[in-house]
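Below you'll find the structure, written out as structure tokens, and then a few comments.
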Amino acid sequence: MLTFFTNPMSRGRIVRWMLEEVGAPCETVVTQWGAASADLLAANPLGKVPTIIHDGAVVSETAAICAYLAEAFPDAELAPRAEERAAYYRWMFFTAGPIESAMMDSHLGVTLPPEKEAMIGYGNLARAVDVLEGAVSAHDYVAGPRFTAADVYVGSSIDFYMQFGMLEKREAFARYVDRLRERPAWARAREIDDALIAAAQR
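Residue 43 in full-length UniProt numbering sits at position 43 of the sequence shown; the count goes up by one each step and never skips.
Here you go:
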């Protein structure tokens, strides 16, 4: 049994895609902003979405959910193989940590003097973005030539940041995202969440 707490205008869209990739049946609980249910708060006291409960175990944080689902549903073959493991974890959590921090600081107008850069996980925005570009340029996918759960997270993040003007639309990023958008599970997930948004606006 898998319960999926989400909002279709949140990072829950990433987990929706991951669920479609692994083919996991789930009960979807749509949460409105500022109105976390008692069930969600019991699972995640921060009231954050996405959060999943799978066979009684709670997993929150989007990158962690993607990594968890890849291992919980091995038939989908989205967990890393031995030769992919280092890049898989490196780039998934680089995107979840330093890149997200860099994007949010930039979006909020937070600036750091050069002498303070060593205190921040991403150093400076330009260098962090260059590193991310290198990651998606080395192979077709971030862990190598094969699509993995890391691409669900990294690709969704790049797509989001570019759509909202937070990340420069470099050719390497655009090619990578276009490749991911060809996946049937991406299209199915988008259709589900867009339909939820449309229903809420009626």
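Even for Gly, the Cβ is constructed at its ideal location relative to N, Cα and C.
Here the structure is a predicted model, which means the values were calculated and not measured.
Worksheet item: Is it right to say T51 is buried, meaning 16 or more other beta carbons lie within 10 angstroms of its own, or is it exposed?
Response: For this step, residue 51 is matched to residue 51 along the sequence shown. The residue in question, T51, is buried, as its Cβ has 16 or more Cβ neighbours within 10 Å.
Worksheet item: Rounded to whole angstroms, how far is the Cβ of A135 from the Cβ of V142, which I believe are closer than 8 Å?
Response: Along the sequence shown, read from residue 1 onward, the residue named residue 135 stands at position 135. Along the sequence shown, read from residue 1 onward, the residue named residue 142 stands at position 142. Their Cβ separation, rounded to whole angstroms, is 6 Å, which keeps A135 and V142 in contact under 8 Å.
Fill in: Same chain, Cβ closer than 6 Å to F73, neighbours up to 5 away in sequence not counted
As a first step, residue 73 is located in the sequence shown; it is residue number 73 there, counting from the start. Excluding positions up to five away in sequence, the list reads V22 and A24.
Worksheet item: H107 by DSSP, collapsed to three states: which one?
Response: Position 107 of the sequence shown, counting from 1, holds the residue named residue 107. Correct three-state label for H107: helix.
Item to complete: Look at the alpha carbon of L46 and the alpha carbon of G12, and state the distance between them as a whole number of angstroms.
Response: Here residue 46 refers to the residue found at position 46 of the sequence shown. Here residue 12 refers to the residue found at position 12 of the sequence shown. When rounded, the distance between both Cα atoms is 15 Å.
Fill in: E83 (DSSP reduced to helix, strand or coil)
For the purposes of this step, residue 83 is taken as the residue at position 83 of the sequence shown. Of the three classes helix, strand and coil, the one that applies to E83 here is coil, per DSSP.
Fill in: Buried or exposed by the 16-neighbour rule on C-beta atoms within 10 Å, applied to G165
Stepping through the sequence shown from its first residue, residue 165 is reached at position 165. Classification of G165: exposed, given that the 10 Å Cβ count is below 16.
Discussion item. Using CA atoms only, rank isn't needed, just tell me which of P184, A200, W186 and E84 is closest to G144.
Written reply: Position 144 of the sequence shown holds residue 144. If we check each option's Cα against that of G144, E84 comes out closest.
Discussion item. If you follow the beta strand (DSSP E) that L2 is in, where does it begin and where does it stop?
Written reply: On the sequence shown, residue 2 is found 2 positions in, with the first residue counted as 1. According to the DSSP assignment, L2 belongs to the beta strand (DSSP E) that extends over L2 to T6.
Fill in: Identity of the residues DSSP links to E168 by a beta bridge
Within the sequence shown, numbered from 1, the residue matching residue 168 stands at position 168. Looking at the DSSP assignment, E168 forms no beta bridge with any residue, so it has no partner.
Fill in: Cα-Cα separation between D193 and W17, rounded to whole angstroms
In the sequence shown, counting from the first residue as 1, residue 193 sits at position 193. In the sequence shown, counting from the first residue as 1, residue 17 sits at position 17. About 10 Å.
Worksheet item: Between the beta-carbon of A128 and the beta-carbon of A96, is there less than 7 Å?
Response: As a first step, residue 128 is located in the sequence shown; it is residue number 128 there, counting from the start. As a first step, residue 96 is located in the sequence shown; it is residue number 96 there, counting from the start. For A128 and A96, no; Cβs fall outside 7 Å.
Discussion item. When you compare the segment 113-121 with the segment 155-172, are there three or more beta-carbon pairs, one atom per stretch, that lie closer than 8 Å?
Written reply: no
Fill in: Buried versus exposed, by CB contacts within 10 Å (16 or more), E191
In the sequence shown, counting from the first residue as 1, residue 191 sits at position 191. Burial call: exposed.
Practice prompt. Would you kindly check if the distance between the Cβ of E20 and the Cβ of R188 is under 7 Å?
Written response: As a first step, residue 188 must be located in the sequence shown, where it is residue number 188. As a first step, residue 20 must be located in the sequence shown, where it is residue number 20. Yes. Within cutoff.
Discussion item. Distance check for V49 and T31, CA to CA, integer angstroms please.
Written reply: Counted from its first residue, the sequence shown places residue 31 at position 31. Counted from its first residue, the sequence shown places residue 49 at position 49. Answer to the nearest angstrom: the Cα atoms are 8 Å apart.
Practice prompt. For S156, name the three-state secondary structure that DSSP assigns.
Written response: Walking along the sequence shown from the start, residue 156 turns up at place 156. Note: S156 maps to helix in three-state DSSP.
Worksheet item: Looking at S106 and L125, is the spacing between their C-beta atoms short of 7 Å?
Response: Stepping through the sequence shown from its first residue, residue 125 is reached at position 125. Stepping through the sequence shown from its first residue, residue 106 is reached at position 106. For L125 and S106, yes; Cβs fall inside 7 Å.
Discussion item. Taking the alpha carbon of I14 as the reference point, which residue from E168, Y88 and S157 has its own alpha carbon closest?
Written reply: Locating residue 14 in the sequence shown gives position 14, counting from the first residue. Closest by alpha carbon: S157.
Worksheet item: Which runs of the beta strand (DSSP E) fall wholly inside the segment 25-107 and span at least 3 residues, in chain order?
Response: 27-30, 51-54 and 57-60
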